[in-house]
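Residue numbers (our numbering): 23 to 165.
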């Protein structure tokens, strides 16, 4: 809202049993009391009036500040890589670091159940040294 709309925009709450009639609150007072209620009412009034309206409205979560219970859910979109490109990437990594090292899958990481097109299951790879080279991290030199 801009300018004088904060003072002129009025929210009416019908109180049928109250003798003084409906409660009238300006947008400025509502913003001071509960800022999330402005968005809630705007979305609720935009929804079509049918049987699905309560179902859709229940799925709306609006919080009045930066802190909310869903803050630890990652908000990163993972790009989809085609299978051919994945195998090309793995092969290029294996050949660029030297021919004696190989890649071995160490586990599967899966996205959420019922993955959409932006998520894809992928395999984690680790480098293993060839059998002829001793691995300095795992070898014990006795001293």
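Just so it is clear, CB atoms sit at the ideal spot from N, CA and C, and this is done for glycine as well.
Quick caveat: nothing in here was measured; it's all calculated off a predicted structure.
Spell out the partners DSSP gives residue 79 in its beta bridges.
Position 57 of the chain shown holds residue 79. According to DSSP, which records beta bridges pairwise, residue 79 is partnered with nothing at all.
Please identify the residue among 66, 86, 91 and 72 whose C-alpha is closest to the C-alpha of residue 80.
Here residue 80 corresponds to residue number 58 of the chain shown, with the count starting at 1. Nearest C-alpha to residue 80: 66.
Under a three-way DSSP split, which group does residue 95 fall into?
Counting from one through the chain shown, the residue named residue 95 turns up at place 73. Looking at residue 95 - three-state DSSP - the assignment turns out to be coil, as it is neither helix nor strand.
Under the three-state reduction of DSSP, which class applies to residue 65: helix, strand or coil?
Looking up residue 65 in the chain shown gives position 43. Helix, per DSSP.
Expressed to the nearest angstrom, what Euclidean distance is found between the alpha-carbon atoms of residue 55 and residue 104?
Start at 1 with the first residue of the chain shown, and residue 55 comes out as number 33. Start at 1 with the first residue of the chain shown, and residue 104 comes out as number 82. Those two C-alpha atoms are separated by around 50 Å.
Taking the Cβ atom as the reference point for each residue, do residue 58 and residue 86 lie within a distance shorter than 9 Å?
Position 36 of the chain shown, counted from the first residue, corresponds to residue 58. Position 64 of the chain shown, counted from the first residue, corresponds to residue 86. One thing to note: residue 58 has its Cβ within 9 Å of the Cβ of residue 86.
By Cβ distance below 6 Å, which residues in the same chain neighbour residue 137 in space, the five residues on each side in sequence not counted?
Numbered from 1 along the chain shown, position 115 holds the residue referred to as residue 137. Interpretation of residue 137 is limited by its pLDDT of 46, a score under 50 that renders its predicted location unreliable; the figure taken from the coordinates is listed afterwards. Sequence-distant Cβ neighbours of residue 137 in its own chain, meaning closer than 6 Å and more than five residues away, do not exist here.
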